[in-house]
Each structure stands twice: as structure tokens, then as C-alpha cells.
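Enquirer:
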Amino acid sequence: MKLLTKSTFYYLILSILAMVAGGALLYLSIKKVIYTQTDYNLIIEKTILVNQIELNDSIPDLEASFGNQIDVKLFNYPIREFQSIKDTDIYDSKTDSFTPFRYIFSSGSTPQKRGYIITIFKVTDEKNELLQAIGLYMFFLFFSLFIISILINYLIARRLWKPFYDSVNSAERFDIQSDKPLDLPDTDIKEFNQLNDVFYYMTTKMRYDYLNLKEFSENAAHEIQTPLAVIRSKADLLMQQKSLNKDSINLIKSINEATTKLFKLNQGLLLISKIENQIFHEKKKVSLTQIIKKSLENYKEIMELKKITVEFEAKDEAVIEMNDVLAEVLISNLLSNAVRFNIDKGFIKCRIDNKILIISNSGLPLSVNPEDLFKRFYKGTDNPQSVGLGLSIVKKITDGYGMTITYTNNNTNHEIKLQYRNRKN
Amino acid sequence: MKLLIVEDDRSLSRSINDYLKMEGHICEVALTYKDALEKESLNKYDCIILDIGLPDGNGLDLIREMKVNKLSGGILILSAKSNLDDKLTGLKIGADDYLTKPFHFAELSARINSICRRNNFLGLNEISFNEIRVDTEANQVYVNDRLLVLTKKEYDLLLFFMANRNRIITKESIVEHLWGDNVILTDSFDFVYTHVKNLRKKIITAQGRNYIKCIYGFGYKFIES
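Same order as they appear, the protein sequences are chains R and W.
Numbered by my numbering, the letters in the first sequence go through residues 2 to 426 in order.
Numbered by my numbering, the letters in the second sequence go through residues 1177 to 1401 in order.
1) Ordered along the chain, which non-local residues of its own chain (more than five positions away) have a Cβ less than 7 Å from that of Lys265 of chain R?
2) Between R:Asp167, R:Asp176, R:Lys181, R:Asp180, which has its C-alpha nearest Thr188 of chain R's C-alpha?
3) Counting Cβ pairs closer than 8 Å, one from the stretch 273–280 of chain R and one from the stretch 306–322 of chain R, do we hit at least three?
4) So if DSSP puts Ser234 of chain R in a beta bridge, which residue, or which two residues, is it bridged to?
5) Can you tell which of R:Thr96, R:Ala158, R:Glu224 has its C-alpha closest to the C-alpha of Tyr1231 of chain W?
6) Please classify Gln1 of chain R: does DSSP put it in a helix, a strand, or coil?
7) Name the chain R residues that come within less than 9 Å of Met1198 of chain W, Cβ to Cβ?
8) For Met404 of chain R, which of helix, strand or coil comes out of DSSP?
9) Give a yes or no on whether the minimum CB-CB distance between His1353 of chain W and chain R is below 8 Å.
10) What residues match up with Leu1252 of chain W in a beta bridge as DSSP calls it?
11) Against Ala1206 of chain W, what residues of chain R qualify as contacts under a CB-to-CB distance less than 9 Å, listed in chain order?
12) Please report the straight-line C-alpha distance between Asn411 of chain R and Lys1268 of chain W, rounded to a whole angstrom.
13) Count the other C-beta atoms from every protein chain shown that fall within 10 angstroms of the C-beta of Glu216 of chain R, then say buried if there are 16 or more, exposed otherwise.
14) Taking Met1338 of chain W as part of the alpha helix (DSSP H), name the residues at either end of that continuous run.
15) Exposed or buried, which one is Asn324 of chain R when buried takes at least 16 other CB atoms within 10 Å?
16) Can you say whether Asn426 of chain R is buried or exposed, counting buried as having 16 or more other CB atoms within 10 angstroms of its CB?
17) According to DSSP, is Leu365 of chain R part of a helix, a strand, or is it coil?
18) Terminal residues of the continuous alpha helix (DSSP H) containing Val34 of chain R?
19) Under a Cβ-count criterion, where at least 16 other Cβ atoms within 10 Å of its own Cβ denotes burial, should Arg174 of chain R be classed as buried or exposed?
20) State yes or no: is the beta carbon of Ser234 of chain R nearer than 8 Å to at least one beta carbon in chain W?
21) Near Gln1316 of chain W, what residues of its chain come up, given a Cβ to Cβ distance below 7 Å and the 5 sequence neighbours on each side ignored?
22) Determine the DSSP secondary structure at Asn69 of chain R, reduced to helix, strand or coil.
23) List, in chain order, every chain R residue whose beta-carbon is nearer than 8 Å to that of Lys1329 of chain W.
24) Should Asn197 of chain R go down as buried or exposed, given a rule of 16 or more other Cβ atoms within 10 Å for buried?
25) What did DSSP end up calling Arg424 of chain R once you bin it into helix, strand or coil?
26) Looking at the C-beta of Ile273 of chain R, does it have a partner C-beta in chain W at a distance below 8 Å?
27) Just grab the DSSP bridge partners of Ala158 of chain R for me.
28) So does the stretch 346–355 of chain R actually touch the stretch 289–301 of chain R, counting three or more Cβ pairs closer than 8 Å?
29) So which of R:Phe375, R:Asp400, R:Tyr41, R:Pro371 has the shortest CA-CA distance to Thr413 of chain R?
30) Roughly how many whole angstroms lie between the Cα atoms of Ile190 of chain R and Val199 of chain R?
31) Flag this pair as yes or no: are the beta carbons of Asn1374 of chain W and Glu1330 of chain W separated by less than 8 Å?
32) Between which two residues does the alpha helix (DSSP H) harbouring Leu1354 of chain W extend?
33) Which residues, in chain order, does the stretch 1364–1379 of chain W contribute to contact with chain R at a C-beta distance below 8 Å?
34) Can you find a C-beta in chain R that's less than 8 Å from the C-beta of Pro1231 of chain W?
35) Is DSSP giving Gln1383 of chain W helix, strand or coil here?
36) Is the number of C-beta pairs between the stretch 130–138 of chain R and the stretch 147–159 of chain R that are closer than 8 Å three or more?
Structure, rendered in C-alpha cells:
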């Protein structure tokens, strides 16, 4: 939920609660005022009547006043003094409905020892109508106030938070490759300035670290490859010497093998660190189908030698957006594995469409969990030439592009499934 | 051929020097950028073997300098950085080829030969070795003036052998030469064996002699027996 929505939402809930409570309170107090007023009037009228009774010692001439009903009874004996004010509904046969009344029931005795009972009814209907009208107006007033304040709140908040969203958007677009500084908006809000400072500091630091790391890996490559080149060159020269005995030949051979392995290892690790550092961030539209065709062509002779049968089925031209170098590394690593760990007279089946690539091949049963082979330096065979980086490079590449790769092994059947996001979606 | 080796690592530059001298080239070594600039302005070289990372300058600048001075020799970049950018930039500003360290001498030798052949304006697109003649323009091989039909890989293999006459060539370097260094294949040595066997058979069938000698433990040698 967006911050603005959330704050508006809370504001809404709280103000509804406040308004309901406030409205109810107001309604009740107005009602109380009206009732008090009515009761007061009833008592006054009663007092006037009592005064008249006491003065004239007879039932006064009652004028019919609208909405009032007065009933006075006079007795020749005294009556105990009593008074109560209550609500009641009286049935009106003309309109076939009940009308609410407030009435006072009062009894007492005059100084002449004559008892009286006075009942005065007052219609409260119109009072209720008044109350309703007031309530309605109050509601409209509250409601419009409510709408206006939400609107104002929303607009102000939107304006206030704008620098924040600008900063976040800018940070989102941050590209570690580019030396352009983050485009952070100027604001007079202290907190946002603080945030911008943090953003700025972090990205600068990230970029600095990134450049450092990049420089380090490049230097490491240089520093390791040159001594390697020296070793290999010396071994090469040594090899050319005449009159080498069998032992020396084996020694040189071992040196050569170790050098090559170290070289491959270094190359693989550098490739992984380059992928991690997003050196290969440039994207192009590449056709996996074409790369597979080229790669299969490259291994044709070895496959013929091992009598491996190849089936290649391409439904659609699988064109995806990725780095062309990485695409080639990806495919060639997968296919070279399929060739390398194959058996004589085995098979390779390659199926590709615009969503998935499936490479299945024959081979020896795996003794390890196939998914573990995606880890660095994890080897399924004791092949001395393998450095155990091929599939971890593949994993690095596929992770970078949000592809999913799975490796399943069923006895002698190995299958790699690569699901890539298609260009269309 | 006259070559200039620009490489700051003394040990490596000496090795390269030794090997290329054995091949019959005349070599000079420059250890620094300044040294290289000086040597290259005084002499004319057929090919410069250039390390990009020099202590006092960038090899790429040296190429630019050479191109400004209109020096016609070939340039082979030697770099520890398998950095694609460097490679592309190098080739764009006028280098002929790019070799990543560590390399096999056989490969270096083959690359130098190919650069010099391409830069040779006299139109000598032929390599001859006794009865074998290779037309590098048309990619065709003649034995006793009769056309020999070879596969692409056999042809590359023959050229590789001829560029490294009388030198031991490891199976490893053959694999790398034919496939590039991204391929590590256990069975590729058998493949090399099969290819060498086929190539040898084809040459012998065409009444050529057998020049490819098997060397125990290492690989092969192309030699006049």
C-alpha cells in the first residue's frame, strides 16, 4: 500500500470515528436541551394552571392550544401531591398513526383542601423533526468538512512526499556502471535531505567499491596470468630440448597439465566475478537456436568420434534479450558437458522453442544430487581435467537473467531444462 | 622475420625471445613503453608482439602512436586481460590479432606467421615445405602439385604444424588452436590423434612423405625425417 493511501486511509478511519462520536454527542445534547425546554414549559403551564385553580377555586377556562392537550380534574377532597413527566405515544384514529407526546402528570391540593389532577400533553413530533433536521445539517456539514479535509490532506501529503518519491525513483534507476551521479531533488525538508545524503553516500560508496573490485579482479588476472605464462613458456622451451629422458618428459607433462588447470580455474573464476560485477551488462537480441547450431557444429567431430547421435529440434527461433558473450558461454558450457560426460554410442537430444530449452543426454549415473553440481568446485566425477566451475558459471548467468535451470538425472539419462523469459512477455 | 617483443616481464620476454629465435626470427626485446617507442621509431619490424599492461604506459597507446607514424608492421596484442573491451579496442585501432596469456608457443608462432603472411604485400600467399604447398588465399593444399582435399580442421592442423616446424607441439595446444581455449574435453586428445592420423594418411596417399612424428608424452613434431 502506498504511504499516501495508507495515511489517507488512517485519516479516514479516525475521522469517521471522531465524527460519529461527535455527531452522537451533539445529537444527544441537543435532544437533552430540547427535552429540558419541553419539560420546563410543561412545569410552567402546570404552575399557571395550579395558580388559576387556587385563585378561582374552579377549573379554569381551558383554551385549546395547538399541539397541547390539557386535562384538569378537581375533587372535593385533598389529594397527595405527586408529579411525573414522561413520554407516551397516543393513537390518532384520523391519521391511523401514533404521535409521540411528552406529558406531565401532576396532582396536589389547593389551600381550600380540594384536590386536583392536571395532565398536560405536548406534541414532541415537531421537536423530533427539528432534531432530525439539525442532525441532517450537522451530518452534511461534517461530511463536507470531512471530504475537504481528506482532499487537502491528500494534496498536502502528495506535495510533501514528492521529493521522497523523486529520490526513490532516482535511486531505482541507479546504474553502477554509469559514472553519472544520482539525480536527487533539492528539498527544504530536513529528513528528506538526510535521506538524499544517505542515498548519495551509499551510491558513491557502492560505485567506489565496485570500481575497486573491478580493478582488483582485472589486476588479479594480470598478476596471475603472467607468471602462468612464464611457467608455460619455460615448460615449452624445456620440452623442445633434445635428449630428454622419460622421467623429465613426465615431469614437464605434469607441469603443463597443472598450468593448464590453473589457467582454466583462473579464467573461470574471473568469468564468474565479471558476471557478478555485471561487466557483461550490454544486451542484444540473440538467437539461442543459432548459437546451439554453431556450438553443435563445433563439437561435430568429437561427437562423431564418440558415435554420439544428435537430435536437434527447434520449433521456433528462440530469440531472447541477453548479452551475446554470456549466451555463447551458457550454451557452450551446457553442450560441452553433454558431450564430455557422454558415453560411447550415446545420444544428445536438444529441444528448443521460444520458452524452454531442454538438453538431454546419456551418461553415467550420478552419485551426487544433480542440483549440487551448480555449486562452485562441486564435481560429480573424478575427472582430472574438470575444475568444477562450468555449471556454476551457467547458474550465475541464468540467475542474472531471471531464468530457471534444473538438472535431473534418471539413471543414465541426464536432462537440463532451461526456462527463459521470452521476448514477448 | 624481424620482430619486436614488448613485454615488461623479463622472464617471459626472454622465453619468447628464445623460442622465436629458435624459429629463425630476429628478435628484439623492449621492457618498457618508452623503450618500445624508441626501438620502433628506429627500426622497421615485420611484427610487434605487444603486451598491453606496461609499467609506464598502455600498449593500446603504442598502437595509436604507431598508426600515426604510419608504421606498417603487424601487431599482435599479448594480454593477461581477457577483457573483451581491450580486445575490441585493440583490433579496432589497428592491431592484427589478440592472444591471451598464458599461451602456447606453438600458438604464438602460428599467429605471428599468419599476421606476417597477411601483411605481406608481395602477394606471397603460399607456404611450401618440400612437396607440400599451401595456398593460404584459396585455403587449398597441393601435394606434388596435386590438390589435396582436407577438412577445415585438417587444413588448420596442417598450417599449425607448418608454422611450427621442428618444434614439439603438445596435443593440448592443438586442441586450443582448433577449438579455442573455452573447450576442455577429455576425449579431445583422441580426436587430435584421429585427425593427425587422417591428415598423415591423406598426405601419404598423395605420395607425400610422412613429416608428422609422434613424440612420447607430449604430442607431435613436424619434421623432415
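Using N, Cα and C, we set each Cβ at its ideal position, and we do this for glycine too.
Just so you know, these numbers come straight off a predicted model, no measurement behind them.
Expert: To lay it out plainly:
1) Val388
2) R:Asp167
3) no
4) DSSP output for Ser234 of chain R lists no bridge partner at all.
5) Per the sequence shown, the amino acid found at residue 1231 of chain W is Pro instead of Tyr. Nearest of R:Thr96, R:Ala158, R:Glu224 to Pro1231 of chain W, Cα basis: R:Glu224.
6) This structure cannot speak to residue 1 of chain R, because chain R is shown only from 2 to 426.
7) Leu238, Gln241
8) coil
9) no
10) W:Ile1225, W:Asp1273
11) Under the 9 Å cutoff, chain R gives no residues; its nearest Cβ is about 16 Å from Ala1206 of chain W.
12) 49 Å
13) exposed
14) 1328–1339
15) buried
16) Residue placement at Asn426 of chain R cannot be trusted, given a pLDDT of 41 that sits under 50; what the coordinates show is reported in the next sentence. When all chains shown are included, Asn426 of chain R counts as exposed.
17) coil
18) 4–57
19) exposed
20) yes
21) Leu1323
22) strand
23) Glu302
24) buried
25) Because Arg424 of chain R sits at a pLDDT of 45, beneath the cut-off of 50, its placement in the model cannot be relied upon, and the following sentence gives the value as read from the coordinates. DSSP places Arg424 of chain R in coil when its eight states are reduced to three.
26) no
27) DSSP lists no partner for Ala158 of chain R.
28) yes
29) R:Pro371
30) 14 Å
31) yes
32) 1347–1355
33) Ser1364, Asp1366, Phe1367, Thr1370, His1371
34) no
35) coil
36) no
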